[in-house]
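Notes to accompany the following structure.
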Ligand code: NAP
Ligand code: GLV
Ligand code: GLV
């Protein structure tokens, strides 16, 4: 019987499909597997379902050269996998695009509103029993409505973030390597700007690029210096896209208005001091974390595993 290994417990929707046909092993611990454990699994499994923090590098993939058919990543981002090596070894890699787009865009917007209106600080204040009546200047924040939004990486999630901005009557700019069609720009009511220009004019900046060699520290100290003093940075992409230490220093010195962050440069570690700042909202990488979406992701990885094990190309194969 073919063996499918899942490196962390995921919702049952997809797992049940797999159990009908294969021997399924699920990591029983509430902890990521070690590199040695991943290597062992790669060697003895026909298919692996992996998490975004599992380093599926050359060492791990090499163990799968005889038997492993597919690594199905339970995420849309696949920067944790050495795609070139997988291709060289003939091991498919698949991901979970689209099903998590709206959910992640909702989180980007939750973060944007939360940081602008100081929701987390205000919640803490209220819970602590400090609310002793309405005051004219209690928790003054910043308007989102009518402001300028800059989207860096206007793909599936970036465009979903842009669509939501219509209801807030925002001026929306985007930057990425390839311009969208004129029709698409008009439909979304967005305009293209080079990165430096976008950083200079935006009141809110949403990062929605994948992590690649090109996007590593896309916002480095120099780029961060272009951002307006009262603007907010929202990162639901990947931590290393921003130089987190430089961002921390700018937030601490009030050279940037605030930041709302779901992903960290050295995840799960935070830059020391970041969590002590008042002008930040921090969430633990929960962009796609809804019951509905995680169930869909579970089904998606399971179906692609089945395809690969039946000798077909997975539907969401990651080509390069
Ligand atoms: P997508 O549809 O592939 O969109 C990515 C966009 O980034 C593309 O439009 C691409 O346009 C742009 N891009 C790529 N390289 C770039 C570069 N060097 N400079 C500027 N722009 C670049 O991907 P998606 O589904 O929207 O997901 C985006 C990322 O979000 C994922 O890769 C993942 O890391 C992250 N994510 C995080 C969470 C979370 O839990 N926080 C959840 C889901 C996804 P060009 O090719 O024209 O440059
Ligand atoms: C989450 O971060 C994903 O890439 O799906
Ligand atoms: C606030 O609650 C108002 O009525 O303006």
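Residue numbers (my numbering): 1125 to 1444.
In this text, a Cβ means the ideal position worked out from N, Cα and C, and glycines have one as well.
For this session: Check whether the Cβ of residue 1201 sits closer than 6 Å to any heavy atom of ligand 2, and report yes or no.
Result: yes
Exercise. Which ranges does the beta strand (DSSP E) cover as unbroken runs of at least 3 residues, wholly within the region 1125 to 1166, from first to last along the chain?
Worked result: Whole beta strand (DSSP E) segments, 3+ residues: 1127 to 1130 and 1147 to 1150.
For this session: Please work out which residues of its chain come closer than 6 Å, Cβ to Cβ, to residue 1149, disregarding the five sequence neighbours upstream and downstream, and give them in chain order.
Result: 1129
Exercise. With respect to 6 Å, is the separation between the Cβ of residue 1411 and the closest non-hydrogen atom of ligand 2 below this value?
Worked result: yes
Exercise. From which residue to which residue does the alpha helix (DSSP H) around residue 1419 run?
Worked result: 1415 to 1433
Problem set entry | Segment limits, beta strand (DSSP E) that includes residue 1398 | In the DSSP assignment, residue 1398 falls outside any beta strand (DSSP E), carrying neither H nor E.
Exercise. Is it buried or exposed for residue 1233, if we count other Cβ within 10 angstroms and need 16 for buried?
Worked result: buried
For this session: Could you have a look at residue 1255 and say whether DSSP puts it in helix, strand or coil?
Result: coil
For this session: Report yes if the C-beta distance between residue 1297 and residue 1317 is below 7 Å; otherwise report no.
Result: Result yes, Cβ atoms of residue 1297 and residue 1317 sit closer than 7 Å.
For this session: Quick one: grab the DSSP three-state call for residue 1268.
Result: coil
Exercise. Quick one: is residue 1255 buried, meaning 16 or more other Cβ sit within 10 Å of its Cβ, or exposed?
Worked result: exposed
For this session: Mind reading off the beta-carbon distance from residue 1375 to residue 1382? Whole number of angstroms is fine, and I expect it under 8 Å.
Result: The Cβ separation is near 7 Å, so the contact holds.
Exercise. Among residues of its own chain, excluding the 5 on either side of residue 1445, which ones have a beta-carbon nearer than 7 Å to its beta-carbon?
Worked result: Because the chain here runs from 1125 to 1444, residue 1445 falls outside it and cannot be looked at.
Exercise. Are the CB atoms of residue 1227 and residue 1200 nearer to each other than 7 Å?
Worked result: no
Exercise. Using a threshold of 6 Å, is the CB atom of residue 1206 nearer than that to any non-hydrogen atom of ligand 1?
Worked result: no
For this session: Check whether the Cβ of residue 1364 lies closer than 7 Å to any Cβ atom in chain B.
Result: Although the question refers to chain B, the structure presented lacks it and comprises just one protein chain.
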